[in-house]
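Respectively, the protein sequence lines represent chains A and B.
With positions in the first sequence counted from 1, the corresponding number in my numbering is that position plus 699.
With positions in the second sequence counted from 1, the corresponding number in my numbering is that position plus 454.
The beta carbon of each residue, even a glycine, is placed where N, CA and C say it ideally should be.
Predicted model, so just to flag it, every value in this text is computed and none were measured.
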Amino acid sequence: MKPKLLPFVLLFVKGSFAQNEDTLNIAVVDKPIKEKVTAPFKSSRVIMSHSIQMLKPGVLDFLILHRFGNVNRGLYEFFGLDQATFRLAFDYGITKDLTIGIGRSSYKKELDGFLKYRIIQQSTGQNASPFSLVVVGGMTVNTLKFADPTRKNYFSSRLGYYGQVLAGRKFSEAFSLQLMPTIVHQNLVTTSKDPNDLFAAGIGGRIKLSKRISLNADYYYVVNKNEELENFHNPLSIGFDIETGGHVFQLHFTNAIGMNERVFLTETINNWGDGDIQFGFNISRAFQIKKKAPIP
Amino acid sequence: MFGFTSLLLLFTTIVQSQDKYFTKNAKIEFFSVAPLEDIEAKNKTASALLDIKTGSLQFSVLMQGFEFDKALMQEHFNENYVESEKFPKAEFKGSIINNAEINYRKSGTYTANVKGTMTLHGITKDLETTATIKVNDDNLKAESIFNLLLSDYNIKRPAVVKDKVSNTIKVTVDAKLDPLKN
């Protein structure tokens, strides 16, 4: 309700007294002026990327992410299903705007952890914000044995970092879109031509097909990739979210290698054009660990 | 003449404030028993208005104001079941049909037969129930329990959660109404 309208509504309410009519219009004035826009995505991931959807406070999200091998390997490899890599992760909502998470991927035996903070939540009404703004900072630790144990190896060589800004908007009940400028820093890179700091521009979104099913996609354009690396490709994932109450199932196809930002932005060598895509699924199971504070 | 008009207005105001009872903090709870998990939610910000002269009674509640123990359940309630963005409010409009039997000037507990229409999820249905009205010195307490069927209001339960969500929802209303002051 815009402030200009208020006297008018009050007048109307006053008028209704005389006519002994719908006096409950007072209640309409009492409606919260600023309303948060909720549930832009079903899950805290678009597919491979973080989404602007935050976990609720006290919710523990157990994530099992699977990627199979390339589907174009034919029947012998059962279209890739014979090879599977996975990432197990726990995310936890500390407050409605702060989520932390840890995970471990079988690929490169890599650990990762992140902090995700929502600075602005999209809202409607007075002083509304047309979009949500979320920042993500993460760190990865490769725990493979060093390739060359004879030389001096540093623990810091195992580390990688990523930082991300998610700016997104739920345009309608069915359609949400987010932009994801991202930086990845690796302390140790494969060759001198590989940049230590990699910049990528990402975009992700969803279209709801029904109340519980949505079509999702996310894509990154890597800006300063190593030009000599001919087989590097930009990661693209397309899939469906299926929500069944406490679970969200994400079935998808992707060319991305790995399941954290450091890997899929630096090591994706598969190409959609060649059919080097993998089938994958993510399962998210939310547990309410902490009960909500009783309403006063 | 002006003085008389003012007096008349004043008089009207007094009558109005005695006739109408209002609250913005009525409590509405619902409860559903299901084999897998019970579903329970509370809303403490419902508005209610009772005109004791005519017996006309109204309730209005914002669906987003229902709070669940499980945050995810709350989100799904709003997103998948009642579609709060499309249908932000539930309303009851009706009247106490035996209003004459209730003496609002005398403290005591009375049974009210309430009849009206319930609008929920964009669908309006007739609703008839009984309520207990407790008349106190300076306020009224109204309590009622009734059942709603999700199917009546076109609130769909998908096959996968049919055994999680019961079709019958028990609604409990608990309102303390104060005289409406202008």
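Put residue i into one of helix, strand or coil per three-state DSSP.
i         : result
A:Phe761  : strand
B:Asp606  : helix
A:Asn771  : helix
B:Gly570  : strand
B:Asn557  : coil
A:Arg868  : strand
B:Ser538  : coil
B:His530  : helix
A:Arg1039 : Beyond the ends of chain A as shown, which are 700 and 995, falls residue 1039 of chain A; an answer cannot be given.
A:Arg961  : helix
B:Ser514  : strand
A:Asp811  : strand
B:Ser598  : strand
A:Leu908  : coil
B:Asp473  : helix
A:Gly938  : strand
B:Gly519  : helix
A:Ser856  : helix
A:Ala846  : coil
B:Ala416  : No information on residue 416 of chain B is available, as it lies outside the stretch 455 to 636 that chain B covers here.
A:Phe777  : helix
B:Ala488  : coil
A:Asp973  : helix
A:Ala900  : strand
B:Ala495  : strand
Mind checking if residue i is an interface residue toward chain B, Cβ cutoff 8 Å exclusive?
i        : result
A:Val985 : One point to set straight first is that residue 985 of chain A is Ala, not Val, in the sequence displayed. Yes, contact with chain B.
A:Gly802 : no
A:Ala726 : Only weak support is given to the placement of A:Ala726: the predicted model assigns it a pLDDT of 46, under 50, and the value that follows is read from those uncertain coordinates. True, the Cβ-Cβ gap to chain B drops below 8 Å.
A:Thr737 : yes
A:Gly836 : no
A:Glu872 : yes
A:Lys892 : no
A:Lys990 : yes
For residue i, is the beta carbon positioned less than 7 Å from some heavy atom of the ligand NAP?
i        : result
A:His884 : This structure simply doesn't include the ligand NAP, nor any ligand for that matter.
Please confirm whether residue i and residue j have their CB atoms less than 8 Å apart.
i        : j        : result
A:Ser822 : A:Lys733 : yes
A:Asn886 : A:Gly859 : yes
B:Lys618 : B:Ala488 : yes
A:Phe789 : A:Gly800 : yes
B:Ala629 : B:Thr499 : no
A:Arg911 : B:Pro612 : yes
A:Val833 : A:Lys815 : yes
A:Thr953 : A:Ile746 : yes
A:Pro894 : A:Asn923 : yes
A:Thr965 : A:Leu865 : no
A:Lys892 : A:Glu929 : no
B:Ile587 : B:Phe484 : no
A:Tyr861 : A:Gly824 : no
A:Thr967 : A:Ile956 : yes
Hey, is residue i's beta-carbon within less than 8 Å of any beta-carbon in chain A?
i        : result
B:Glu529 : yes
B:Glu494 : no
B:Lys588 : no
B:Lys630 : no
B:Lys635 : no
B:Leu594 : no
B:Glu533 : yes
B:Leu526 : yes
B:Lys618 : yes
B:Glu483 : no
B:Glu539 : yes
Along chain E, in chain order, which residues have C-beta atoms closer than 8 Å to that of residue i?
i        : result
A:Gly945 : In the structure shown, chain E cannot be found, because the protein chains are A and B.
Handout entry: Near-chain A residues of the segment 596-613 of chain B - C-beta to any C-beta below 7 Å
Key = Pro612
Exercise for the section: Note down, in chain order, all residues in the segment 500-524 of chain B with a beta-carbon under 7 Å from any beta-carbon belonging to chain A. Expected result: Ser501, Leu503, Gln512, Ser514, Leu516, Glu521, Asp523 and Lys524
Exercise for the section: Decide if the segment 804-823 of chain A is in contact with the segment 971-989 of chain A; the criterion is three or more beta carbon pairs, one per stretch, under 8 Å apart. Expected result: no
Handout entry: Within 7 Å of chain B by C-beta, residues of the segment 838-852 of chain A in sequence order
Key = none
Practice task
Would you check if there are 3 or more beta carbon pairs closer than 8 Å linking the segment 937-953 of chain A to the segment 771-782 of chain A?
Solution key: no
Exercise for the section: Taking 8 Å as the threshold, find out whether the segment 750-764 of chain A comes into contact with the segment 845-852 of chain A through three or more Cβ pairs. Expected result: no
Problem - Three-pair Cβ contact test at 8 Å for the segment 497-514 of chain B versus the segment 545-555 of chain B - result: yes
Practice task
Output, in sequence order along the chain, the residues in the segment 905-932 of chain A whose CB is closer than 8 Å to any CB in chain B.
Solution key: Lys910 and Arg911
Practice task
Evaluate the contact criterion for the segment 554-565 of chain B versus the segment 588-595 of chain B: three or more CB pairs, one atom per stretch, below 8 Å.
Solution key: yes
Practice task
Note down, in chain order, all residues in the segment 750-771 of chain A with a beta-carbon under 9 Å from any beta-carbon belonging to chain B.
Solution key: Leu754, Lys755, Pro756, Gly757 and Val758
Exercise for the section: Could you tell me whether the segment 593-610 of chain B touches the segment 570-583 of chain B, using the rule of 3 or more Cβ pairs below 8 Å? Expected result: yes
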